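Undergrad: Can you keep this structure in mind? I'll have questions shortly.
2 protein chains.
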Amino acid sequence: MSSPGSGKTSLLERTIDSLKNELKIAVIEGDLQTTNDAERIEKYNIPVTQINTDGACHLDANMVDGVLNNYNFKETDLFVIENVGNLVCPAGFDLGEDDRVVMVSIPEGDDKPIKYPVIFRKASVVLINKIDLLAYTNFNIAKTKKDSLNINPNLKIFEISCKTGEGLDSWFDWLREQVRKKR
Amino acid sequence: MSSPGSGKTSLLERTIDSLKNELKIAVIEGDLQTTNDAERIEKYNIPVTQINTDGACHLDANMVDGVLNNYNFKETDLFVIENVGNLVCPAGFDLGEDDRVVMVSIPEGDDKPIKYPVIFRKASVVLINKIDLLAYTNFNIAKTKKDSLNINPNLKIFEISCKTGEGLDSWFDWLREQVRKKR
Ligand SMILES: Nc1nc2c(ncn2[C@@H]2O[C@H](COP(=O)(O)OP(=O)(O)OP(=O)(O)O)[C@@H](O)[C@H]2O)c(=O)[nH]1
Ligand SMILES: Nc1nc2c(ncn2[C@@H]2O[C@H](COP(=O)(O)OP(=O)(O)OP(=O)(O)O)[C@@H](O)[C@H]2O)c(=O)[nH]1
Ligand SMILES: [Mg+2]
Ligand SMILES: [Mg+2]
Ligand SMILES: [Zn+2]
Ligand SMILES: [Zn+2]
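Going down the list, the protein sequences come from chains A and B. Quick note on numbering: the first sequence equals residues 27 to 209 in the working numbering. Quick note on numbering: the second sequence equals residues 27 to 209 in the working numbering.
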């Protein structure tokens, strides 16, 4: 989950590219309109379905349920849902997931956790993306981490760049750990 | 209206700073939580009220109505409402405004109009902000403009940077023109 354009699909591209030889990954893409994001994922030859909500500002359990027959869960290690770009509404709708990941990105400014607390409260992981752009902003990473942990002390926080690849190894390790724990 | 962190409040700061000697400006700030944005506007000594929606993902007419008594509209030339950071829901709720302005920013990627068409359809102006960061992205401005005009041929589109000030004069001129037309 994240604002529009924080880098959710880019993260999936990076994750699938690095992990698809060790984990069977499947994806649901959610957007108001277009199949752009699903098309980006299709290039990796893994199962992916695009849900278009048309106007709805978040995926809900019914929409997800409607496409689950497209997947073989016995053959899936890691199932990822990319929600509609929205830092508010997705927090309120349980999709049956084990973990929620919230992404913020450097150009958005470091005040997002305190301004949009609900989505941080319900997350397991916060990803701070686009750290390659830090030099061009006044983003205070320590502040964002502190504010996030104030809202939710159990958060794991990773600083990453989907552009350069920096920091992604810790994210991949966390994913591997969750898959291992659930086996 | 824009995604979280595109630069709405920065735009207001720039606009008030440049125009407050010629126009009486008043502002409503809308956020889930915090008074951060209203505090930034207060520094300019103009009337401003912060609405906290708590959980709601958009301002609605009732919330706006609830604070209108804080203002003297006879003494106001330009009244601006900054909505909750959200590229979806605010499109669906009429606040009684004359014009809607949608802001996108360079780091978000150039596919936002086609992915979130409703909010562009209902706008009068699209602002493309943070053009100072163009060099560090693959943002195709021509594509974003073309897609926006396909959705809504009447859109005025301004490329700006609230950081450097580039492009803001055309935006100020448009505002002056709207104020003049309504007198
Ligand atoms: N500089 C930089 N740009 C990035 C990074 N990650 C993603 N981007 C860019 O950010 C833009 C948006 O990336 P997406 O992956 O489409 O973002 P998204 O969150 O999936 O967007 P929506 O699905 O529309 O909400 C693209 O232009 C990416 O190239 C990063 O780490 N650094
Ligand atoms: N590089 C660059 N950064 C900008 C520009 N305009 C705003 N910013 C930065 O973007 C971040 C967010 O700016 P805000 O004005 O708070 O954005 P906002 O849309 O009001 O955010 P919300 O109200 O939380 O949705 C801040 O760190 C600003 O300094 C710009 O033109 N260029
Ligand atoms: Mg995406
Ligand atoms: Mg703001
Ligand atoms: Zn919603
Ligand atoms: Zn909503």
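Backbone N, C-alpha and C fix where the C-beta goes; we use that ideal spot for every residue, glycine too. Since the structure is predicted, the reported quantities are computational estimates derived from the model, not experimental observations.
So, at 7 Å on beta carbons, what are the nonlocal neighbours of residue 174(A) in its own chain, with the 5 sequence-adjacent residues on each side left out?
TA: Closer than 7 Å at Cβ, skipping near neighbours: 139, 146, 152, 181, 183.
Undergrad: In the segment 108-166 of chain A, which residue ranges form an unbroken beta strand (DSSP E) of at least 3 residues, counting only runs that do not cross its ends?
TA: Counting whole runs of 3 or more residues, the segment 108-166 of chain A contains the beta strand (DSSP E) stretches 127-131, 151-155.
Undergrad: Can you list the residues near ligand 3, meaning Cβ strictly closer than 5 Å to any non-hydrogen atom, in the order they appear in the chain?
TA: Listed by chain position, these are 34(A), 35(A), 63(A).
Undergrad: How would you label residue 93(B), buried or exposed, when you count the other beta carbons within 10 angstroms and need 16 or more for buried?
TA: It counts as exposed.
Undergrad: Residue 104(A) by DSSP, collapsed to three states: which one?
TA: The answer is strand: DSSP assigns residue 104(A) an E or B state.
Undergrad: Are the CB atoms of residue 31(A) and residue 108(B) within a distance shorter than 8 Å?
TA: Against a cut-off of 8 Å, the Cβ pair of residue 31(A) and residue 108(B) comes out as no contact.
Undergrad: CA-CA distance, residue 166(A) and residue 191(A)?
TA: Spanning the two alpha carbons is a distance of roughly 21 Å.
Undergrad: Is the distance from the Cβ of residue 131(B) to the Cβ of residue 33(B) below 8 Å?
TA: Yes, the Cβ-Cβ distance between residue 131(B) and residue 33(B) is below 8 Å.
Undergrad: Can you tell me whether DSSP reads residue 41(A) as helix, strand or coil?
TA: Residue 41(A) falls in the helix class under three-state DSSP.
Undergrad: Can you list, in chain order, the residues of the segment 136-152 of chain A whose Cβ is nearer than 8 Å to any Cβ on chain B?
TA: Flagged, chain order: 137, 138, 140, 141, 142, 143, 144.
Undergrad: Have a look at residue 96(A) and residue 75(A) and give me their C-alpha separation to the nearest angstrom.
TA: Cα to Cα, the separation comes out at about 8 Å.
Undergrad: Suppose you measure from the CA of residue 87(A) to the CA of residue 101(A); what does that come to, to the nearest Å?
TA: The alpha-carbon atoms of residue 87(A) and residue 101(A) are separated by roughly 22 Å.
Undergrad: At the 8 Å Cβ level, is residue 60(A) part of the contact set with chain D, yes or no?
TA: Among the protein chains in the structure shown, which are A and B, there is no chain D.
Undergrad: Between the segment 40-58 of chain A and chain B, which residues of the former have a C-beta closer than 8 Å to a C-beta of the latter?
TA: Residues passing the 8 Å Cβ filter: 57, 58.
Undergrad: Three-state secondary structure (DSSP) at residue 180(A)?
TA: If DSSP states are grouped into helix, strand and coil, residue 180(A) belongs with coil.
Undergrad: For residue 115(B), which residues of its own chain have a beta-carbon under 7 Å away from its beta-carbon, when the five flanking residues on both sides are left out?
TA: Taken in chain order, the residues that qualify are 83, 84.
Undergrad: For residue 76(B), report the span of its alpha helix (DSSP H) as first-last.
TA: Element bounds for residue 76(B): not the alpha helix (DSSP H) but the beta strand (DSSP E), 74-78.
Undergrad: Below 6 Å CB to CB, which residues in the same chain sit around residue 36(B) once its five sequence neighbours on both sides are set aside?
TA: Result list for residue 36(B): 188, in chain order.
Undergrad: Report the neighbours of residue 115(A) on chain B: residues whose CB is nearer than 9 Å to its CB, in chain order.
TA: Those are 83, 112, 114, 115, listed as they occur along chain B.
Undergrad: Quick check on the DSSP output: the alpha helix (DSSP H) that includes residue 205(B) runs from which residue to which?
TA: Start and end: 194-208.
Undergrad: Within the same chain, show all residues whose beta-carbon is closer than 6 Å to that of residue 58(B), passing over the 5 residues directly before and after it, in chain order.
TA: Here the set comprises 79.
Undergrad: Output, in sequence order along the chain, the residues in the segment 72-102 of chain B whose CB is closer than 7 Å to any CB in chain A.
TA: Per Cβ criterion, the list reads 81, 83.
Undergrad: Using only the alpha-carbon positions, how far apart do residue 110(B) and residue 199(A) sit?
TA: Distance between the alpha carbons of residue 110(B) and residue 199(A): 35 Å.
Undergrad: Evaluate residue 185(A) with the Cβ neighbour count: other Cβ atoms within 10 Å of its Cβ, from every protein chain shown; 16 or more gives buried, anything less gives exposed.
TA: With 16 or more other Cβ atoms within 10 Å, it is buried.
Undergrad: Can you list every residue whose CB sits closer than 6 Å to some heavy atom of ligand 6, going in chain order?
TA: Having a Cβ closer than 6 Å to some heavy atom of ligand 6 are 83(A), 115(A), 83(B), 84(B), 115(B).
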